[in-house]
Amino acid sequence: MEQTPEKKSVKKFLKSFTREVIVPVVLALIVIQYVIQAFQIPSGSMEDSLKTGDFLLGLKFTYGSPIPFSNQKFPGYAEPKHGDVVIFRYPGEPEYPDNNPKRYTHLFNALMLGNYYWDHAPENGQPHIVHYADGPKDYIKRCVAVSGDTVAVHGGKLFLNGKRQDSLPAFGKWTASMRTLSPRDEVEEFVVPSVGDTLYVDSLPMVKLWWLRSLVAQENPDSSVYLDLSLLRNGRENNNYVFNDFKFPIENDRGLLLQTMYDRNRTVRQQRLTLGDTLSGAMPFSYFKELAKIGFLPMIDPHDPQLNSGFTRLVSYVSFEGSILQDLEGNVKRLNVTAPAQDSTDSAEVVEKSHFEIQRNLYLGSEKIDRYVVRYPQFFMMGDNRDNSADSRYWGLVSLRNIRAKAFVIYFSFENDDGKFALGNPLTWWRIPFRIRFTRIGKIIDLIK
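Numbered according to the UniProt record's numbering, the sequence shown spans residues 1 to 449.
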């Protein structure tokens, strides 16, 4: 039977719609999922090799494309090597809200709108859908060391396998006018672990223990990972102890600790401080215990009705730096030198000093582990703008599992450092042609020298 003109018209429309809309969209989604990673340079940490406002494409399949609906990847044909510019998931944030993969299920990545999760156990009155608008974030840095390399930083200079690196890749730069003991300038020598290496919880200094916690979390995204610290005084827990004279240096990465010290000690606010000074005041051990356990700080109150109205609940997190735990370790050591003697009711009895130590317990899920065997290759990342880059010097190693893509090409570049262009203000749109960096478009990142 011959089809009516109306049926033919519908059939023709469906074919056309499938060919012109559905097929291109599906192909685009496949490319986005398996082939390319779009990234915008948000800060100056890679200057002047990459500039704020550069828009990049990265190749996912180089290091391995993600397997849909899982936390695994297809094998890549290469691993990051020295000098590669790499896009990776920032290891200082939880991959799941509240670092709780059992409570939340990842629904989808809405690209520029962030990630959405399903909350299986929302509180009364809260929605099931959780919107992680600004994370988990992707970072871009240069790979400067791989598994098996010996790394150190002294005076802001990288030492790789014992050799000082006096030159910087591409158009990197040093800008600091003074050097301090911050992680930016000083990192004790260590070996980047390889697959199969065993790392022992009790043998690591506190900073490297924090790096281990991050490494375990990266390699086990479907399990909660947390570090439980306890203060022992002569072998007994004393987690309510308050340091009367807790000292730490004024550094760029101590902002969280500095603010807490201000909040707890009114007299501290009266001091005039500059970079490199030492600040002291009262600090409870419980503050560090809680920070180490959660590993990050929630930035949005889940009970704020103004921020959590409607169909979704917002979450956002900021990490804290392991150098805070280094300050804790140093103050405990100092306490053992100046610790007050124990009380004694017998004047003839020899009075001994109190001995303080930090007990560490690292948990993978519900299991306490005293060692960890590395499962993936590890990498040490640094920004080309060495004195203005939050990188592995602060938050440790990046596991191959967290690697997203190899940066490939600049497809667009827009300069707006002065903020005079605003997308929401049509009166500034005339600036667009004058802000495009045409000479940067099409630059292959490996060829930027």
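Using N, Cα and C, we set each Cβ at its ideal position, and we do this for glycine too. Every value quoted in this text rests on a predicted model; they were computed, and no experiment measured them.
Coil, strand or helix - residue i by DSSP
i	result
A435	Just to set this straight, residue 435 is Arg in the shown sequence, not Ala. Looking at R435 - three-state DSSP - the assignment turns out to be helix.
F320	coil
R440	helix
V350	Summary for V350: the model assigns pLDDT 43, below 50, so the residue's position carries little reliability; its value from the coordinates is reported in the next sentence. Here V350 sits in coil by DSSP.
S344	Here the model assigns S344 a pLDDT of 45, short of 50, so the residue's position is not dependable and the matter cannot be decided.
K333	helix
I129	strand
T198	strand
D48	coil
D446	helix
Y54	The sequence given here places Asp at residue 54; Tyr does not occur at that position. Correct three-state label for D54: strand.
Q72	coil
Q306	coil
T312	strand
K15	helix
P66	strand
residue 453	Here the chain has residues from 1 to 449 only, and residue 453 is not among them.
D138	strand
P80	coil
L107	strand
Test item: CB-CB of residue i and residue j under 8 Å
i	j	result
T260	V373	no
V216	P284	no
V151	V195	no
K141	V86	yes
N238	S286	no
A38	L57	yes
R313	P302	yes
E357	P205	no
V398	F421	no
E95	P221	yes
D84	G114	no
G155	N388	no
V146	P305	no
K173	E47	yes
F55	G76	no
D265	S354	The question names Asp, but residue 265 in the sequence shown is Asn. Not in contact: N265 and S354 (Cβ atoms no closer than 8 Å).
K51	C143	no
S223	L364	yes
Own chain, CB closer than 7 Å to residue i, minus 5 neighbours either side, in chain order
i	result
H128	W118, D119 and P122
G53	I41, S413, F414, E415 and N416
Y132	P97, G114, N115, Y117 and V315
Q218	P91, S399, R401 and N402
Y317	E93, P94, G135, F296, L297, P298 and M299
Same chain, Cβ closer than 8 Å to residue i, five either side skipped, listed in chain order
i	result
I441	I410, Y411, F412 and S413
S347	Here the model assigns S347 a pLDDT of 46, short of 50, so the residue's position is not dependable and the matter cannot be decided.
L275	M178, T180, I250, E251 and N252
D343	Residue confidence for D343 is low, a pLDDT of 48 falling below 50, so the modelled location carries little weight; the figure read from the coordinates is stated next. Excluding sequence neighbours, D343 sits near nothing in its chain.
Other residues of its chain near residue i: CB distance less than 6 Å, five sequence neighbours each side excluded
i	result
V201	R360, L362 and D370
I448	S49 and A170
R103	H120 and A121
L256	F320
V207	G322 and Q326
Q126	R313
T428	F421 and A422
S9	none
Cβ of residue i within 8 Å of any chain C Cβ
i	result
G162	Among the chains in the structure shown there is no chain C, since it carries only a single protein chain.
Three or more C-beta pairs below 8 Å linking the region 220-236 and the region 378-397: no
Would you say the region 428-437 touches the region 246-263, given that touching needs at least three Cβ pairs under 8 Å? no
In chain order, each beta strand (DSSP E) run of at least 3 residues that lies wholly inside the region 261-292: 278-284
Are three or more beta carbon pairs between the region 179-187 and the region 393-407 nearer than 8 Å? yes
Does the region 287-307 come into contact with the region 317-329, if we say contact requires no fewer than three beta-carbon pairs (one atom in each stretch) closer than 8 Å? yes
Three or more C-beta pairs closer than 8 Å, one from the region 399-409 and one from the region 155-171: is that the case here? no
Kindly provide the ranges of any beta strand (DSSP E) runs that are 3 or more residues long and lie completely inside the region 375-404, ordered along the chain. 378-382
With a floor of 3 residues, list each beta strand (DSSP E) that falls wholly inside the region 207-264, ordered by position along the chain. 225-233 and 242-249
Return the chain-ordered ranges of every alpha helix (DSSP H) run that is complete within the region 147-207 and spans a minimum of 4 residues. none
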